[in-house]
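Note sheet for the following structure.
There are 2 protein chains.
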Amino acid sequence: MAALTTVERLDEGAVLTLRWADGSAGRFHAIWLRDNALDPATRSPENGQRLITLQDIPAETRVAAAALRDGALEVRFAPEEKSVRFPADWLRAHLYDRAGPGERGWTAPETETWDGGLDADALTDRFDAVKSDSSALRRWLGHLRRFGFARLTGGPVESGALLEVAALFGYVRETNYGKWFEVRTEVNPSNLAYTGLGLQAHTDNPYRDPAPTLQILYCLENSAEGGENQVVDGFRAARRLWHEDPRGFDLLADHCARFRYQGGGEVNLSTRRPMIELRPDGELIAVRFNNRSAAPITDVPFDDMAAYYAAYRRLGEIVDEPAMAVGFKLAPGECFMVDNARVLHGRSGYAAAGGSRWLQGCYPDKDGLLSTLAVLESEEGSSP
Amino acid sequence: MAALTTVERLDEGAVLTLRWADGSAGRFHAIWLRDNALDPATRSPENGQRLITLQDIPAETRVAAAALRDGALEVRFAPEEKSVRFPADWLRAHLYDRAGPGERGWTAPETETWDGGLDADALTDRFDAVKSDSSALRRWLGHLRRFGFARLTGGPVESGALLEVAALFGYVRETNYGKWFEVRTEVNPSNLAYTGLGLQAHTDNPYRDPAPTLQILYCLENSAEGGENQVVDGFRAARRLWHEDPRGFDLLADHCARFRYQGGGEVNLSTRRPMIELRPDGELIAVRFNNRSAAPITDVPFDDMAAYYAAYRRLGEIVDEPAMAVGFKLAPGECFMVDNARVLHGRSGYAAAGGSRWLQGCYPDKDGLLSTLAVLESEEGSSP
Chain A
1108 MAALTTVERL
1118 DEGAVLTLRW
1128 ADGSAGRFHA
1138 IWLRDNALDP
1148 ATRSPENGQR
1158 LITLQDIPAE
1168 TRVAAAALRD
1178 GALEVRFAPE
1188 EKSVRFPADW
1198 LRAHLYDRAG
1208 PGERGWTAPE
1218 TETWDGGLDA
1228 DALTDRFDAV
1238 KSDSSALRRW
1248 LGHLRRFGFA
1258 RLTGGPVESG
1268 ALLEVAALFG
1278 YVRETNYGKW
1288 FEVRTEVNPS
1298 NLAYTGLGLQ
1308 AHTDNPYRDP
1318 APTLQILYCL
1328 ENSAEGGENQ
1338 VVDGFRAARR
1348 LWHEDPRGFD
1358 LLADHCARFR
1368 YQGGGEVNLS
1378 TRRPMIELRP
1388 DGELIAVRFN
1398 NRSAAPITDV
1408 PFDDMAAYYA
1418 AYRRLGEIVD
1428 EPAMAVGFKL
1438 APGECFMVDN
1448 ARVLHGRSGY
1458 AAAGGSRWLQ
1468 GCYPDKDGLL
1478 STLAVLESEE
1488 GSSP
Chain B
1108 MAALTTVERL
1118 DEGAVLTLRW
1128 ADGSAGRFHA
1138 IWLRDNALDP
1148 ATRSPENGQR
1158 LITLQDIPAE
1168 TRVAAAALRD
1178 GALEVRFAPE
1188 EKSVRFPADW
1198 LRAHLYDRAG
1208 PGERGWTAPE
1218 TETWDGGLDA
1228 DALTDRFDAV
1238 KSDSSALRRW
1248 LGHLRRFGFA
1258 RLTGGPVESG
1268 ALLEVAALFG
1278 YVRETNYGKW
1288 FEVRTEVNPS
1298 NLAYTGLGLQ
1308 AHTDNPYRDP
1318 APTLQILYCL
1328 ENSAEGGENQ
1338 VVDGFRAARR
1348 LWHEDPRGFD
1358 LLADHCARFR
1368 YQGGGEVNLS
1378 TRRPMIELRP
1388 DGELIAVRFN
1398 NRSAAPITDV
1408 PFDDMAAYYA
1418 AYRRLGEIVD
1428 EPAMAVGFKL
1438 APGECFMVDN
1448 ARVLHGRSGY
1458 AAAGGSRWLQ
1468 GCYPDKDGLL
1478 STLAVLESEE
1488 GSSP
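Heads up: the protein sequence lines correspond to chains A and B, in order. Under my numbering, the first residue of the first sequence carries the number 1108, and numbering increases by one thereafter. Under my numbering, the first residue of the second sequence carries the number 1108, and numbering increases by one thereafter.
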């Protein structure tokens, strides 16, 4: 890592300018440095949590003195007369004096969008491998983070086996559908998923808030004709809409849709969320797309509604393009997992008469997956 | 409900204007009406889900003819030549030709913000009552929706009893802390919550994404001196900031903070979310405030950082004002629940030596609560 070369006090110590040997540079505010001090009175050495509140730090905090020593920055803060040391690497990793994000709808660097040309086999691992080998697990979870999609083969053909997959990395969120749910034809289906109908590619449960962040669909029987699965990258679809029609993209991001599900007299879930969700700085973080549970949209101004509907239609057309979809038919003991805030899944219709089709589904949460992946990556990085 | 009085076709049938007997009026687009048609070929009569996609509806859809009959609107759509009936009440409830929302940071009509003057006893029910009486349960859940806070007394003094509370309305989200977690002094605490330290009012786990939406804290022992709980309405605090300093409010809403928790070598959770979260139309929907897990903020432009920190400090000062807090000491068998996207909770420090303090906590999800409440309310509405 690059060494610090100079430090300069500006504005009577309200700001420091730092420069590194590789030419990078940036300013830091005294109050920011003090709030993020790494000393044991500020941060618990045991668990890293901050021990003080911002109000414990004087509002008029300034840098009284700053120097470089042994590659680190040493700062004395006034009026506390407190000295704190900041490693050069830590400061470099937390530079905030930099260019802001680009155009709306940018995606995080750790993601990579795709279309039907995605090599799904390259994102497929063996159940035994990810269960017994932490580097295989790390790779498999990495597919999910990068592509929002991954598959497993060779798992047990047993009811509930999908929970073993979830337990590899995290925790399943129980809902009104249970800890997991059965996806097969029912006589009086409470949900169209429980029929033989084809389903347009969709994200699950946009009527839930928070919506499920991951879904595992695990196959136990699949001898019926039809019933292939398709997955579509909703981020790619949204980015394509942005390129074609930035105003249409903005309409879907800047107004809430509504979603609703009422089932069996015991469930009445409804949400008000946009179809395309951005962070405040424009990062694309979620797509909600589900024709079955889309409720009447009443939060779009009258004058924008026609253009909103045109954009909604265009997004659906992109989603439905065969070239956008990766298709496959699961065999018993196989499963796939999607990032349900990003990757849409659908299925072709199937005839219940000619055989059977039985999947089980569950909703683990992605934060647990990303946490496990971060831990595996840091272990990897620190291994000899 | 008001009857429809007139219908008028505009723009060659692309739009209808409707008027009701009470003077209300509004325009509807033909494509919107067609997409939301209530006939059994569009919506499943069994489960209410939409059976078609937007692409199944011609883009050039127009209203070929419209008339009022028996208080309902009857529409014939071209080119499908499809006739659909819309009840007057349904149309009135879904009017979208109306004024948009007000200033940024508005709150939903079903919420009511509060300060330390809140009568917490009025939001307190008996465990037995809410368990056995659906109208008591409806009232208690209604407190949570309106105030983001409610209490129960007289529950069992048994480990795990908090799950009985959650089961009254929904589902607990399991996390790395387990299905529930113990809040008591530990020898090697992985989290400052597991010490006798006082804790500034905060929302839990902002380093999780999605963050917990509800929290139950259930008391099993509380003979130690100190250890009172405080709750603060984060929506009131944010609204106060908006009134004092709208630009500061905007800074906290328009830039992401970062939160992080690393525990025990097995957990590494981090998020990038704003401290004040708004829907695209400015509705205030979440506050994230937690000094312990706030990570270095690196997504605020350098030129805004000083003002951002000033707003962050001011929000903390408001949160810390004694007049903002409702305080109470839980007795064994008592619990409280907060909307963790809204209401902050804290505690005063306590001495482990003079007695014991043992709470258990868990994170149910609010969508399940709102669903149960909606079902109870519709049963109430339909009862004789």
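Ideal Cβ placement from N, Cα and C applies to all residues, glycine included. None of these values were measured; they are calculated from a predicted model.
**OP:** Work out the CA separation of ASP1411/A and ILE1404/A for me, nearest whole Å.
**Re:** The count along the first sequence starts at 1 and reaches residue 1404/A at position 297. The count along the first sequence starts at 1 and reaches residue 1411/A at position 304. Distance between the alpha carbons of ILE1404/A and ASP1411/A is about 12 Å.
Original post:
Cα-Cα, which of GLU1188/B, LEU1299/B, LEU1251/B, ASN1329/B is closest to GLY1370/B?
Top reply: The residue given as residue 1370/B occupies position 263 in the second sequence. Checked all of GLU1188/B, LEU1299/B, LEU1251/B, ASN1329/B; the closest Cα to GLY1370/B is LEU1299/B.
Original post:
Once you ignore the five residues that flank ALA1185/B on each side, which residues in its own chain have a CB closer than 6 Å to its CB?
Top reply: On the second sequence, position 78 is the one that residue 1185/B refers to. Excluding positions up to five away in sequence, the list reads ARG1169, ALA1171.
Original post:
For GLU1188/B, does the three-state DSSP call read helix, strand or coil?
Top reply: Locating residue 1188/B in the second sequence gives position 81, where the first residue counts as 1. Three-state result, GLU1188/B: coil.
Subject >> Those residues which DSSP pairs with HIS1309/B across a bridge >> reply: Position 202 of the second sequence holds residue 1309/B. The partner list for HIS1309/B (beta bridge, DSSP) reads HIS1452/B.
**OP:** Could you say which of GLU1351/A, GLY1440/A, HIS1452/A lies nearest to ALA1418/A if we only look at CA atoms?
**Re:** Taking the first residue of the first sequence as position 1, residue 1418/A is located at position 311. Comparing Cα-Cα distances from ALA1418/A to each of GLU1351/A, GLY1440/A, HIS1452/A, the minimum goes to GLU1351/A.
Subject >> Interface flag, SER1490/A vs chain B, CB-CB below 8 Å >> reply: For this step, residue 1490/A is matched to residue 383 along the first sequence. Note that SER1490/A scores 47 on pLDDT, short of 50, meaning its location in the model is unreliable; the coordinates nonetheless yield the value given after this. SER1490/A does not count as touching chain B.
Original post:
Do you know offhand how far ALA1268/B's Cα is from LEU1275/B's?
Top reply: The count along the second sequence starts at 1 and reaches residue 1268/B at position 161. The count along the second sequence starts at 1 and reaches residue 1275/B at position 168. Between ALA1268/B and LEU1275/B, the C-alpha separation is close to 12 Å.
Original post:
Near LEU1230/A, what residues of its chain come up, given a Cβ to Cβ distance below 7 Å and the 5 sequence neighbours on each side ignored?
Top reply: Numbered from 1 along the first sequence, position 123 holds the residue referred to as residue 1230/A. Answer for LEU1230/A: HIS1250, PHE1254, PHE1256, ALA1257, ARG1258, listed in chain order.
Original post:
In chain B, which residues lie less than 7 Å from ARG1157/A when you measure between Cβ atoms?
Top reply: The residue labelled residue 1157/A in the question sits at position 50 within the first sequence. By Cβ distance, chain B contributes ASN1398, ARG1399, ALA1401.
Original post:
Taking the alpha-carbon positions, what's the ILE1323/B to LYS1473/B distance?
Top reply: Reading the second sequence from its first residue, position 216 is the one you call residue 1323/B. Reading the second sequence from its first residue, position 366 is the one you call residue 1473/B. When rounded, the distance between both Cα atoms is 11 Å.
Original post:
Do PRO1471/A and GLY1277/A have their CB atoms nearer than 8 Å?
Top reply: Walking along the first sequence from the start, residue 1471/A turns up at place 364. Walking along the first sequence from the start, residue 1277/A turns up at place 170. Against a cut-off of 8 Å, the Cβ pair of GLY1277/A and PRO1471/A comes out as a contact.
Subject >> C-beta atoms of THR1160/B and ASN1398/A nearer than 8 Å >> reply: Numbered from 1 along the second sequence, position 53 holds the residue referred to as residue 1160/B. Numbered from 1 along the first sequence, position 291 holds the residue referred to as residue 1398/A. Yes. Within cutoff.
Subject >> Bridge partners - GLU1390/B, DSSP secondary structure assignment >> reply: Position 283 of the second sequence, counting from 1, holds the residue named residue 1390/B. According to DSSP, GLU1390/B bridges with TRP1213/B.
Original post:
How far does the alpha helix (DSSP H) with HIS1250/B in it reach, from first residue to last?
Top reply: On the second sequence, residue 1250/B is found 143 positions in, with the first residue counted as 1. Here the alpha helix (DSSP H) through HIS1250/B covers 1241 to 1254.
Original post:
Closest by CA to GLN1337/B, which one among ALA1236/B, VAL1114/B, GLY1178/B, MET1431/B?
Top reply: Counting from one through the second sequence, the residue named residue 1337/B turns up at place 230. Closest by alpha carbon: MET1431/B.
Original post:
Any residues in the region 1254 to 1284 of chain B with a beta carbon nearer than 8 Å to a beta carbon of chain A? Which ones, in chain order?
Top reply: TYR1278, VAL1279, ARG1280, GLU1281, THR1282, ASN1283
Original post:
How long is the line joining the alpha carbons of GLU1521/B and VAL1482/B, rounded to whole angstroms?
Top reply: Because chain B spans 1108 through 1491 in this model, residue 1521/B falls outside it and cannot be assessed.
Original post:
If you measure beta-carbon to beta-carbon, which residues of the region 1409 to 1433 of chain A are closer than 8 Å to chain B?
Top reply: PHE1409, MET1412, ALA1413, TYR1416, ALA1417, TYR1419, ARG1420, GLY1423, GLU1424, ASP1427
Original post:
Should THR1310/A go down as buried or exposed, given a rule of 16 or more other Cβ atoms within 10 Å for buried?
Top reply: Start at 1 with the first residue of the first sequence, and residue 1310/A comes out as number 203. Buried: at least 16 other Cβ atoms inside 10 Å.
**OP:** Alpha carbon to alpha carbon, how far is VAL1426/A from ARG1346/B? Give it in angstroms, no decimals.
**Re:** Reading the second sequence from its first residue, position 239 is the one you call residue 1346/B. Reading the first sequence from its first residue, position 319 is the one you call residue 1426/A. Rounded to whole angstroms, ARG1346/B to VAL1426/A spans 40 Å at the Cα level.
Subject >> Residue environment, VAL1237/B, which counts as buried when at least 16 other CB atoms sit within 10 Å >> reply: Stepping through the second sequence from its first residue, residue 1237/B is reached at position 130. Classification for VAL1237/B: buried.
Subject >> Residue nearest to LEU1327/B in terms of C-alpha spacing, selected from ALA1448/B, THR1260/B, ILE1392/B, THR1220/B >> reply: Along the second sequence, one-based indexing puts residue 1327/B at 220. Checked all of ALA1448/B, THR1260/B, ILE1392/B, THR1220/B; the closest Cα to LEU1327/B is THR1260/B.
Original post:
chain A beta carbons: is any one of them nearer than 8 Å to that of THR1320/B?
Top reply: By one-based count along the second sequence, residue 1320/B stands at place 213. THR1320/B counts as touching chain A.
Original post:
Does the region 1179 to 1196 of chain A come close enough to the region 1130 to 1148 of chain A that 3 or more CB-CB pairs lie under 8 Å?
Top reply: yes
Original post:
Are the C-beta of ASN1329/B and some C-beta of chain A separated by less than 8 Å?
Top reply: Looking up residue 1329/B in the second sequence gives position 222. No, no contact with chain A.
Original post:
Short check: CB of ARG1379/B to CB of PRO1313/B, under 8 Å?
Top reply: Reading the second sequence from its first residue, position 272 is the one you call residue 1379/B. Reading the second sequence from its first residue, position 206 is the one you call residue 1313/B. Their beta carbons are not under 8 Å apart, which means ARG1379/B does not touch PRO1313/B by this criterion.
Original post:
CA-CA distance, PHE1193/B and ALA1179/B?
Top reply: Walking along the second sequence from the start, residue 1193/B turns up at place 86. Walking along the second sequence from the start, residue 1179/B turns up at place 72. So the alpha carbons of these two residues sit roughly 6 Å apart.
Original post:
Can you list, in chain order, the residues of its chain whose CB lies under 7 Å from that of SER1151/B, leaving out five sequence neighbours each side?
Top reply: Residue 1151/B sits at position 44 when you count from the first residue of the second sequence. These residues qualify, in order along the chain: LEU1158.
**OP:** Note down, in chain order, all residues in the region 1127 to 1146 of chain A with a beta-carbon under 7 Å from any beta-carbon belonging to chain B.
**Re:** ARG1134, HIS1136, ILE1138, TRP1139, ASN1143
Original post:
What residue does the alpha helix (DSSP H) around GLY1423/B start on, and which one ends it?
Top reply: Looking up residue 1423/B in the second sequence gives position 316. Looking at the DSSP string, the run of the alpha helix (DSSP H) that includes GLY1423/B is 1409 to 1427.
Original post:
Just to check, is the beta-carbon of TRP1247/A closer than 7 Å to a non-hydrogen atom of the ligand GTP?
Top reply: This structure simply doesn't include the ligand GTP, nor any ligand for that matter.
Subject >> Proximity winner among ALA1173/A, TYR1416/A, THR1479/A, relative to ALA1121/B (alpha-carbon distances) >> reply: What you label residue 1121/B is simply residue 14 of the second sequence in a count that begins at 1. Nearest C-alpha to ALA1121/B: TYR1416/A.
Original post:
So with Cβ pairs under 8 Å, would you call GLN1467/A a contact of chain B?
Top reply: Working through the first sequence from its first residue, we reach residue 1467/A at position 360. Chain B contact via Cβ: absent.
Original post:
Which of the three DSSP states, helix, strand or coil, is assigned to TYR1172/B?
Top reply: Along the second sequence, read from residue 1 onward, the residue named residue 1172/B stands at position 65. This sequence places Ala at residue 1172/B; Tyr is not what is there. ALA1172/B falls in the strand class under three-state DSSP.
Subject >> Proximity winner among GLN1156/B, GLU1265/B, VAL1272/B, relative to ASN1375/A (alpha-carbon distances) >> reply: Translated into positions along the first sequence, residue 1375/A becomes position 268. The candidate whose alpha carbon is nearest that of ASN1375/A is GLN1156/B.
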